[in-house]
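Protein chains in written order, with this note's numbering: chain A, 1 to 344; chain B, 345 to 688; chain C, 689 to 1032; chain D, 1033 to 1376. From the three backbone atoms N, C-alpha and C, an ideal C-beta is built for every residue, glycine too. Please read all numbers here as calculations on a predicted model, not as lab measurements. Shown next, in structure tokens, is the structure this report addresses.
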């Protein structure tokens, strides 16, 4: 799933724990890192770093686009002393539905010829759309069990490059639970240094078999198709997609702005009450202004239409100004009339 | 669920076995009964009876309407010798989506003052829409576990009136497995005469709790609402509903005619292939001409829209002539614009 | 499992239903059959036959030994008119722990050169010890899902020889639900004539994989070993095993006589109360005199010792006269001191 | 379960993570604490503390007795500067089967009138035998989900006193994931600061219902009874129990010394191979010298006898010198002959 030959460390814990693991294994108190402000989860990465005593160069963003490769290149080039130890990018910003273009960011780091580690939050992208830990030169990929991997929450993952493991030798942040060296070492002997969340492993084994059965390329195509149909619905409703750049559309979820003067949480409440469906909340500075439609994991065309119908009926019931026909547009996107039908 | 104070016999078996039980416990070889031809499952009742050596007065029907109370009254009135021992009605004809009007049929029997037993197949109506074993004077109500009761197949039920139990004292059809007296007697002591399908009982207990939690009236209202929305979709597509009489619309499923020259199984194949959804097949003389949409059991608004979207997209992909907008009509039916919204 | 190449019919139902199926598919009203009185379940076969209008030659037995091949040969030889249509043998009498020697019975039928069908109740032997439908020339083997096959109750099986299928062509007992021809015919096309107990099939598939993984020979050896250890315990307690002939010891369960003046149900009650373990009840004429220890299905050495310990502690608590040391004898039987240990 | 009115913080994680949480929330780099060397898990607590930059006064122990109240009192009394910030005691040492006497330790702290926090590892005692967070004045009680609470591993717990929460205000160890204040604060609003291991919560709810149904006093009595029967077996075998002081016997597991010259792991291998039962390994300095018998959680008399039989048969098969009769002694302990029986 990670497309890597390097070790993957599995913690009993959440994706948030795996983020902490990325830091405490590679950094020392006072180290500088770059975090791109792409949304709420980028902010979390900034906060975690600062709580651990790491200094953060927080690259401002408008929450509607991904990390900028130009900005990255210029900042790294300027850091001739190589003070910056790591660059943190949230691959798919779950709060905005914007997916940063990792290959372009990697190229920017290479052009700058800078040795900073590349840390990527792939919590809501892994196993939903294309991800390549080795090929993209990622040093730490952080993930959780409960999204694209389709198992209950309770596992946090770090895929760890050799360069990141080397960094851990000199990293001085105190660590025990999240120390990845003891896990890698014990795993090689078939053990864990402490009790693993065994039962979730059984689910994970089955989930991996399901993903392989479908074929990862087909899984990605399915999510891309659902994302496109979702955007077709949003456009038909006359609402605005948060993500500005089509190159950065997320395949796993879509965030949508409410019309001015209408509160997303009121809409979400109506939909929950009438249709027992819970949309994603607008996070941090998007609170009340944005709702989010998830379309990842074990999900098919008809579940997507049901989901979008819940939104469309909710918009009507809540009195939110919109055009009808989003569901029809999504159906047209999923199942366009075959060429032969035009002749009839 | 049966709305009865009389015993309910539970067999390890299917609804088809419970039908056989209704016969072998109450009839003797050569007895005459009336079976109304309402569709495929009525035909099954006729066949079972004949295989067991029972003579069947098969009242012809066009598979688009329920049992006729006038026909019933005239036939029973004509039978002054009281040769007819039982009247068989399939409450909800799963092959046609037509629900016979049991209270009217009961009244016809009462007007004819005829002692025949009333046997009802409630396999696809029980726990989905109104059913009243005692109030309607039903003598044997036959059901299975896998539809409105929402548990795996493997249980057959007979609710049995005192009159039916009395009939079993003189009934001469050979019987052992389906003999209900030994079951009723042993049940009173907490036993079964042979190994029951224990594990399904646990599911049944939970299902009954779920139905009670929702409230049976709410369960019925939910199914009625889904049936109405389904019909709105069918009408919008310009297709024809099999059931002719609105008083007989089924709340648990809807059968739909294909346009002439188009095969229902081809459509069903396209939908199965593209959307992994399996519609009901046209049975017996409806083979190829009819497809059936189920909307019973644990089912909600968004699942219904997903289902109807699968049909609508399938119609398009299969090149079946239809108007678009069935899904929109269903959404309008489920969630009409609130009055306050008109003011905007 | 049946060691057959002939069709196996699967009913939603119990083993008792499959017994009825064996009769109604092959016999006509008034037909004569032989049933060996080996215990309670043989009595059930007799009762079912008589309820269906079949005449039974009931060969008396003392409930402590299996069907007699000499008795069978002499009865069949005497029946020169070939009036006897079937011979019924309960392979493993669950009420007594006596396993009839089927190969010897088959040879007796062959010596008598008699065309009667051989019907075998393998409910509590199949998948627990050796069974060979084809090699032993059995015509109908009856089984259920809930013993050696280790899945929930709810399936009844008939393995059916060509000779039995031929007999069904002229058999006149009325039948619908248990008619095996319609099932065999529909199964060939991938269908069932009525709703099958689908969910138990999933369990069955897994159970068959487990049995194949262990290897059927190993499964049989395991049960034989547990049966021998159980008998070692019974002997050590000074109690009497019901089965008289060591050639007929059952591998799946052991029935034990209580000392005179002591009631088995009192003992069973003490054990249930103190150890939450439910021993088999003494059936019919063994009521109160016999308790039964099951050791079949998914069962291992330590579960057996726990079971026997429950019996031994129960005997003590209930004040039943016995010698201690049954559990120790069973442990000695399961794990005799290795040869090398004697040298110490 | 904790017998507390103070908040209980639940982490997605292991008990080892909850230990780290106890430290990072209450201590600052360079702080001094006392850890009693009671066995392997006490050593773990020492190691974790040192990795986090905390100085440990490690009170030596022989791994056969619990923490000494006299030693504790004298050390605290000597610390007039109140440099010692916390005292760590493993309640039930899973490596030795020794349960420290917490009420006596609490009294010693009170006599010394010392403000150190009391931190207790209750991983293998909670819900198995008596535990009282509030009454015993414990400041942090650490536990996991997979032992007495009977659910899958994946949850770590900290019950936290007001004094401990107050300490967290000045504690300077860096923390994010294990920071308990954000969890307590968010829990009050019905949230978690990051994704909790939701599915294990459902299991936990059911487990708590089971414990309440049985009654906690009965649960404790059951474990005490099983522990006493286990010791009866060990004594009968002529082997030596690790725990020296009967006041400190553990109710949840029993550790046993091998005879000199015999390796515990060889015995464990024989038992695993023959009986598919995995005994606890000897940890750290007990490696090869000790095996451990667990008798906690969802466990009954017959499972205990099965377990002990596996040990006794394993001792024989592995050629380990011992006396037979351990299982008989355990049965005698569990079910002594009733008084009335003596009269017979």
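From the DSSP secondary-structure annotation, give me the bridge partner or partners of residue i.
i, result
"residue 831(C)", "845(C)"
"residue 584(B)", "601(B)"
"residue 878(C)", "DSSP, once it has assigned bridges, lists no residue as partnering residue 878(C)."
"residue 978(C)", "945(C)"
"residue 12(A)", "155(A)"
"residue 720(C)", "743(C), 772(C)"
"residue 968(C)", "980(C)"
Report yes or no: is there a C-beta of chain C within less than 8 Å of the C-beta of residue i?
i, result
"residue 519(B)", "yes"
"residue 1373(D)", "Bear in mind that the predicted position of residue 1373(D) carries a pLDDT of just 46, short of 50, making it unreliable; the figure below should be weighed with that in mind. Yes, contact with chain C."
"residue 1298(D)", "no"
"residue 364(B)", "yes"
Shorter than 8 Å from the beta carbon of residue i to some beta carbon of chain D?
i, result
"residue 888(C)", "no"
"residue 17(A)", "yes"
"residue 344(A)", "Unreliable placement is indicated for residue 344(A), whose pLDDT of 39 sits below 50; the coordinate value is still reported in the next sentence. Output row for residue 344(A): interface = no."
"residue 1025(C)", "yes"
"residue 901(C)", "no"
Should residue i be flagged as near chain B, meaning a C-beta pair shorter than 8 Å?
i, result
"residue 273(A)", "no"
"residue 673(C)", "With chain C running from 689 to 1032 in the structure shown, residue 673(C) is simply not present."
"residue 305(A)", "yes"
"residue 894(C)", "no"
"residue 981(C)", "no"
"residue 209(A)", "no"
"residue 153(A)", "no"
"residue 69(A)", "no"
"residue 235(A)", "no"
"residue 319(A)", "yes"
"residue 300(A)", "yes"
What does residue i touch in chain A if you count any residue whose Cβ is under 7 Å from its own?
i, result
"residue 1226(D)", "14, 16"
"residue 1065(D)", "The premise fails here: residue 1065(D) is roughly 15 Å from chain A at the closest Cβ pair, so nothing lies under 7 Å."
Show which residues of chain D have a CB atom less than 7 Å away from the CB atom of residue i.
i, result
"residue 181(A)", "Near residue 181(A) there are no residues of chain D at all, since even the closest Cβ is about 12 Å away, more than 7 Å."
Does any C-beta atom of chain A lie closer than 8 Å to the C-beta of residue i?
i, result
"residue 602(B)", "no"
"residue 572(B)", "no"
"residue 1084(D)", "yes"
If I'm right that residue i touches residue j with Cβ under 8 Å, what's the distance once you round it to whole angstroms?
i, j, result
"residue 335(A)", "residue 305(A)", "The pair is not a contact, with the Cβ atoms about 10 Å apart (cut-off 8 Å)."
"residue 729(C)", "residue 778(C)", "5 Å"
"residue 248(A)", "residue 75(A)", "That pair is no contact at about 20 Å."
Residues of chain B with a CB under 7 Å from the CB of residue i: which are they?
i, result
"residue 99(A)", "Simply none; closest approach about 27 Å."
Could you work out which residues of chain D lie near residue i, taking near to mean beta carbons separated by less than 8 Å?
i, result
"residue 146(A)", "1227"
List the residues of chain F whose Cβ lies closer than 8 Å to the Cβ of residue i, in chain order.
i, result
"residue 1042(D)", "Here the protein chains are A, B, C and D, and chain F is not one of them."
Give the residues of chain A in contact with residue i, contact being defined as C-beta atoms less than 8 Å apart.
i, result
"residue 623(B)", "Ordered by position in chain A, no residue passes the 8 Å Cβ test against residue 623(B), which lies about 12 Å from the chain."
"residue 671(B)", "305, 309, 327, 328, 331"
"residue 668(B)", "328"
Taking C-beta pairs closer than 9 Å, name the residues in chain D that residue i reaches, listed in chain order.
i, result
"residue 48(A)", "1208, 1209"
Check the Cβ of residue i against every Cβ in chain B and list those closer than 8 Å, keeping chain order.
i, result
"residue 239(A)", "What residue 239(A) touches in chain B: nothing, since even the nearest Cβ is about 16 Å away."
"residue 218(A)", "Correct list: empty, because the minimum Cβ distance to chain B is about 13 Å."
**Report entry** Completely contained alpha helix (DSSP H) runs for the stretch 54 to 127 of chain A, where each covers 4 or more residues
**Finding:** 69 to 78, 102 to 112
**Report entry** Secondary structure, alpha helix (DSSP H): runs of 4+ residues fully inside the stretch 311 to 339 of chain A
**Finding:** If only uninterrupted alpha helix (DSSP H) runs of at least 4 residues are considered, those enclosed by the stretch 311 to 339 of chain A are 326 to 334.
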